[in-house]
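When the letters of the sequence shown are read in order and numbered with this note's numbering, they come out as residues 4 to 193. In this text, a Cβ means the ideal position worked out from N, Cα and C, and glycines have one as well. Step one of this worksheet: look at the structure below.
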Amino acid sequence: MSKRTSRRRSATLAAVAALTLLSACGGGSGGNGKTAAKDTGVASIKTPKTSGASASASAAAESGRPQIRLDTSYAETDRLWGVFWDCLRDQGVPGGHKGSQFVPDGKESDHPAAYRACLPKRPLTPPELDPATNPHYMDDYRTYIRCLNDGGLKVKALPNGGGWNYDGQSSLTQAQQDELDHDCELKAYK
């Protein structure tokens with residue numbers, strides 16, 4: 004059984020961890036989906052499905068940082084993260100390249116000044132994918148896992164809601180898996 008965590012979920016967990024660290028240090032507050040909708044090249048805010056979003060989430064959304072939505076395209080999400088990562092590179096953070104895009108190495112705590120300087124460019128994850136802003140996150144997560152399994156991608160949920168492991172063979176291609184993942188996120192976290 005090999006572990007697979009969706010790109011967006013990985014980005015979400017990284018962002019949540021980074022935001023927790025920044026909040027603890029007095030810093031600012033603080034994935035990828037394909038879309039059938041036209042990509043306008045502009046990230047925008049999509050409010051959570053509940054009215055109980057925390058005050059810190061509202062402050063983060065108003066901070067001027069780019070907001071990734073559930074329906075933001077892979078290309079736009081990659082572009083937004085690329086702007087942030089290029090800023091880190093320009094601040095002296097070491098890294099490598101994944102394709103043509105710079106990706107930083109190491110931990111944020113190794114370069115706190117660079118991460119603080121680039122914070123305004125760091126994308127905010129969709130509020131629906133953040134347990135701190137979505138009080139129904141675990142219910143939505145279970146719906147998401149059920150949708151993946153119903154769609155033919157045999158997976159087993161991780162107990163913390165942070166991803167999943169393969170739980171058998173799938174006949175789906177990678178493109179079909181990506182499409183199913185995106186469709187299930189839109190259905191579950193709407």
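- Its chain contains Lys124 as the residues whose beta carbon lies nearer than 6 Å to that of Val86, once the 5 sequence neighbours on both sides are disregarded; these appear in chain order.
- A distance below 6 Å between beta-carbons, with the five flanking residues on each side excluded, links Gln104 to the following residues of its chain, in chain order: Gly85.
- When the beta-carbon positions are compared, Ile148 and Ala135 stay at least 8 Å from each other.
- Across the structure, Gln70 and Leu127 are spaced so that their CA atoms are roughly 5 Å apart.
- Taking C-beta atoms as the reference points, His100 and Val106 count as a pair closer than 8 Å.
- Contact between Leu151 and Asp181 does not hold, since the beta-carbon distance rounds to 12 Å and is not under 8 Å.
- Where Ala120 is concerned, the enclosing alpha helix (DSSP H) starts and stops at 115–121.
- Excluding its 5 nearest sequence neighbours in each direction, Gly171 has C-beta neighbours in its own chain below 7 Å: Lys157, listed in chain order.
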